[in-house]
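Working notes, beginning with the structure itself.
Number of protein chains: 2
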Amino acid sequence: MPMITIKNIADALGMAHTTVSRALNDHPHTSAETKQRVRSMAESLGYVPNLGARTMRNGASRIIGLILPDIQNEFFSAVAMALADRCAEVGYQLVLGTSQDSPEREVHHLRMLREARARAVLIAPCGRSSEQARQLLAGMSTIQLLRHDPKLGASGIVIDDAVTMSLAAEHLLQLGHRTVAYIGSAATLSTGLARRQGLHDVLLKGGAALPERRVRLGQTLPEFGYQAAKELLATKSCPTALVVGSSRQLLGVMRAVRDLGLKIPSQLSIVGYGDTEWFALAAPSVTGIALPIQEMVELTAQDLFTALSEEPGTADSFSPLLHQFYGHLVVRESTAALS
Amino acid sequence: MPMITIKNIADALGMAHTTVSRALNDHPHTSAETKQRVRSMAESLGYVPNLGARTMRNGASRIIGLILPDIQNEFFSAVAMALADRCAEVGYQLVLGTSQDSPEREVHHLRMLREARARAVLIAPCGRSSEQARQLLAGMSTIQLLRHDPKLGASGIVIDDAVTMSLAAEHLLQLGHRTVAYIGSAATLSTGLARRQGLHDVLLKGGAALPERRVRLGQTLPEFGYQAAKELLATKSCPTALVVGSSRQLLGVMRAVRDLGLKIPSQLSIVGYGDTEWFALAAPSVTGIALPIQEMVELTAQDLFTALSEEPGTADSFSPLLHQFYGHLVVRESTAALS
DNA sequence: TTGAAAGCGCTAACAA
DNA sequence: TTGTTAGCGCTTTCAA
Chain E
2 MPMITIKNIA DALGMAHTTV SRALNDHPHT SAETKQRVRS MAESLGYVPN LGARTMRNGA
62 SRIIGLILPD IQNEFFSAVA MALADRCAEV GYQLVLGTSQ DSPEREVHHL RMLREARARA
122 VLIAPCGRSS EQARQLLAGM STIQLLRHDP KLGASGIVID DAVTMSLAAE HLLQLGHRTV
182 AYIGSAATLS TGLARRQGLH DVLLKGGAAL PERRVRLGQT LPEFGYQAAK ELLATKSCPT
242 ALVVGSSRQL LGVMRAVRDL GLKIPSQLSI VGYGDTEWFA LAAPSVTGIA LPIQEMVELT
302 AQDLFTALSE EPGTADSFSP LLHQFYGHLV VRESTAALS
Chain B
2 MPMITIKNIA DALGMAHTTV SRALNDHPHT SAETKQRVRS MAESLGYVPN LGARTMRNGA
62 SRIIGLILPD IQNEFFSAVA MALADRCAEV GYQLVLGTSQ DSPEREVHHL RMLREARARA
122 VLIAPCGRSS EQARQLLAGM STIQLLRHDP KLGASGIVID DAVTMSLAAE HLLQLGHRTV
182 AYIGSAATLS TGLARRQGLH DVLLKGGAAL PERRVRLGQT LPEFGYQAAK ELLATKSCPT
242 ALVVGSSRQL LGVMRAVRDL GLKIPSQLSI VGYGDTEWFA LAAPSVTGIA LPIQEMVELT
302 AQDLFTALSE EPGTADSFSP LLHQFYGHLV VRESTAALS
């Protein structure tokens, strides 16, 4: 089955292929009759335009790149879902790449996107982005998402993790906790750093230190949470409260707590970062910090369209702001006053 | 910042652009010295190949299309994640489209993929795929995934939902349940139909009918599960067991059960389809049917590469089989013998 | 081993 | 309103 081109249509209709092109693109100076004839012929021949040719001609494709560390994370998958919808609505295609927090993978995807002449790139930087990544990004309209790396540009749509995480600290201080532990994502991520910092600072001010030995940072996987929780909770100086910076890690933590036979919240209070659907169903239900995902996605889509409506040449000029969002605490059964 | 082309490189080096092309593509009949000179010049000029031009020239792109109903579903997001990795490994780009179970959206994505001359398409059909979708798919290497629509081709990688769901029926019969209700996905989906059928047939054989009035089919969203559960459990002839065909719906069901103040499992046994991570953490923990997601993804990737290694012209000839997988029951606290 | 020429499908000037 | 010509960047003949 050979691909039909505008030339085939032109031949079949005995006209020039440029006329066909104009008719298909609804060019103003074209007779209504021609348009009609061309379109029905295109239809009956099964014509499918060649995006590659169009891209070459126009110098830009209709591809939007989305680079996320991971797409199992409900946070990221919500973003991917919403953006996929929005892109389709305006006739763009979404190319998805997962970096798995690896700078090499990140740069690979950026390179491919550049090769495809992507119209814009949405990226949650891996935290150790290479110089090459910076250069590649510099040539494309970029929106940083959920995570922010100043090296890659000023603009971004993020959560103020320090302030948001401090809600957990205040909540626990209020309940009388003074020995708090933390499990979270690696310090190489902007989020990992800020969350820990926010927790640390407020706890300290409240007279509760967060020493290294009660902190475990690592991959946002259930497995890491499990290991870290086992380590932290097996010590003699067992903390009275535990904050977990990633809902994926929290899954593992809950399993560990169950294995260790710890009673929540009487023996240990737990606060999770995020507010995944299962938090309310867990035994006991988990106190979490709800994040305004929908609002962030909304703004991202808006920024994206602003970027798309600008000249393809002027990269990164559309939105030089860092938008900060804030979460709110949702208290459930997993936290209680220190008895 | 203008885009560098092979012509620019050629000019800078005083050679023909064809030589540059050959050097960059590691063509056999090219001197090692030329290759070296060309490559370092390409590097220093910041050359980025134009995929559009290459696509036009070759008649095929390096794009893989992935069309899923939804990507929040852990089932689908696991697939998307794994495939994104695999595609990147072999230098392909993954274009993600979400159909939201709408035939129109589905056909839109297929059309765009065809326009982009996608090398292959992986699709979980929406269940009411249009004739146009069939035609578009016929021109591309296709692998049906997780769901199967015979209209769109014989091959596919799916779960034998009827047999797998019958595990739930057997389990409940064994526990003495005879009044079972079912909440699941729409009958337009191959999965929706098969799951209900599998449950129905085995229950009937065991002397427990599954009448219409104890069945609610609809969208795989928590909200639908919530409503459906409220309806089913508020009746006088309240069932003693409830099977839920979608883990997303189950989230809503659990909320409804909690709102209604029903005791699980003493007043109601619950079996979920799938075995999401939170099943083990819920209160009470949920009996589920674990599905071999990883194995399926593995096979999908394998089939995909077979397809890629074949001639671009010969669509759909690579894997004319329907691979069926089976789940297994994981018994937890939410099911108990009828007292 | 390299160069010259042609053409992939499309659109934008310009001419008719 | 339509046709002619040219060129986007690349690879593949074919010739040198």
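Each protein sequence line maps, in turn, to chains E and B.
Each residue of the first sequence is one higher than the one before, starting from 2 at the first, in the numbering used here.
Each residue of the second sequence is one higher than the one before, starting from 2 at the first, in the numbering used here.
Ideal placement from N, C-alpha and C gives every residue a C-beta, glycine not left out.
What you are looking at is a predicted structure, and each value in this text was computed from that prediction instead of being measured.
Taking each of Q220/B, I265/B and P266/B in turn and checking the Cα distance to S248/B, the smallest one comes out for Q220/B. Looking from the CA of I65/B, the closest CA among N26/B, A33/B, L46/B and L114/B belongs to L114/B. Judged by DSSP secondary structure, T165/B falls within the alpha helix (DSSP H) whose first and last residues are D162 to Q175. G208/E counts as exposed, since fewer than 16 other beta carbons sit within 10 angstroms of its beta carbon. The beta-carbon of D150/E is placed no less than 8 Å from the nearest beta-carbon of chain B.
Below the 8 Å Cβ cutoff, chain B contributes I72, S78, A81, M82 and A85 as neighbours of I72/E, in chain order. The beta carbon of D102/E sits closer than 6 Å to the beta carbons of P70 and C127 from its chain, once the five residues preceding and following it are set aside; these are given in chain order. Contact note: A283/E reaches chain B through W279, L282, A283 and A284, using a C-beta cutoff of 9 Å and chain order.
Using a Cβ distance threshold of 8 Å, I290/E and L330/E count as a contacting pair. Contacts with chain B at 8 Å (Cβ-Cβ) include S62/E. Nearest Cα to R179/B within the set D27/B, V49/B, A242/B and D276/B: A242/B.
With respect to chain E, the C-beta atom of V96/B has a partner C-beta closer than 8 Å. Only those residues of the stretch 113-134 of chain E whose C-beta falls short of 9 Å from the nearest C-beta of chain B are listed: M113, L114, R115, E116, A117 and R118. When 8 Å is used as the limit between beta carbons, M57/B is near these residues of chain E: N51, G53, A54 and M57, in chain order. Annotation for R217/B: the continuous beta strand (DSSP E) segment containing it runs V216 to G219. Interface flag for R23/B against chain E is unset, since no Cβ pair is found closer than 8 Å.
Nearest Cα to L252/B within the set A89/E, E278/E and L251/E: E278/E. In this structure, T236/E is the residue among I158/E, T236/E, E116/E and Q136/E with its C-alpha nearest to the C-alpha of A182/E. By the CB criterion at 8 Å, L147/B and S130/B fall outside the cutoff.
Close CB contacts of A163/E within its chain, under the 8 Å cut and outside five residues either way in sequence, are with A195, R196, Q198, G199 and D202 (chain order). A residue is called buried once 16 or more other Cβ atoms fall within 10 Å of its Cβ, and V244/B is buried on that count.
Excluding its 5 nearest sequence neighbours in each direction, T35/E has C-beta neighbours in its own chain below 7 Å: T20 and A24, listed in chain order.
Rounded to the nearest whole angstrom, the CA to CA distance from G47/E to I5/E is 7 Å.
Nearest to A284/E by C-alpha distance, out of S340/E, V254/E, L322/E and L309/E, is V254/E. Distance from the CA of T301/E to the CA of L176/B, rounded to the nearest whole angstrom, comes to 51 Å. Proximity of R106/E to chain B, defined by a Cβ-Cβ separation below 8 Å, is satisfied. Assignment of beta-bridge partners to A182/E by DSSP yields L243/E.
Its chain contains G185, S186, R196 and Y274 as the residues whose beta carbon lies nearer than 6 Å to that of G246/E, once the 5 sequence neighbours on both sides are disregarded; these appear in chain order. L52/E is a Cβ neighbour of E116/B, given a cutoff of 8 Å. A308/E places its beta carbon less than 8 Å from that of S142/E.
Judged by DSSP secondary structure, G208/B falls outside any alpha helix (DSSP H); it is assigned neither H nor E. Y274/E carries a strand assignment under DSSP once its states are collapsed to helix, strand and coil.
Any Cβ of chain B closer than 8 Å to the Cβ of A209/E would place that residue at the interface, and such an atom is absent. Shown here, I5/B sits in coil according to DSSP, grouped into three states, outside any helix or strand. Not flagged as an interface residue toward chain B: P293/E, since no C-beta distance is shorter than 8 Å. Scanning chain E for C-beta atoms nearer than 8 Å to the C-beta of L252/B yields E278, W279 and L282, reported in chain order.
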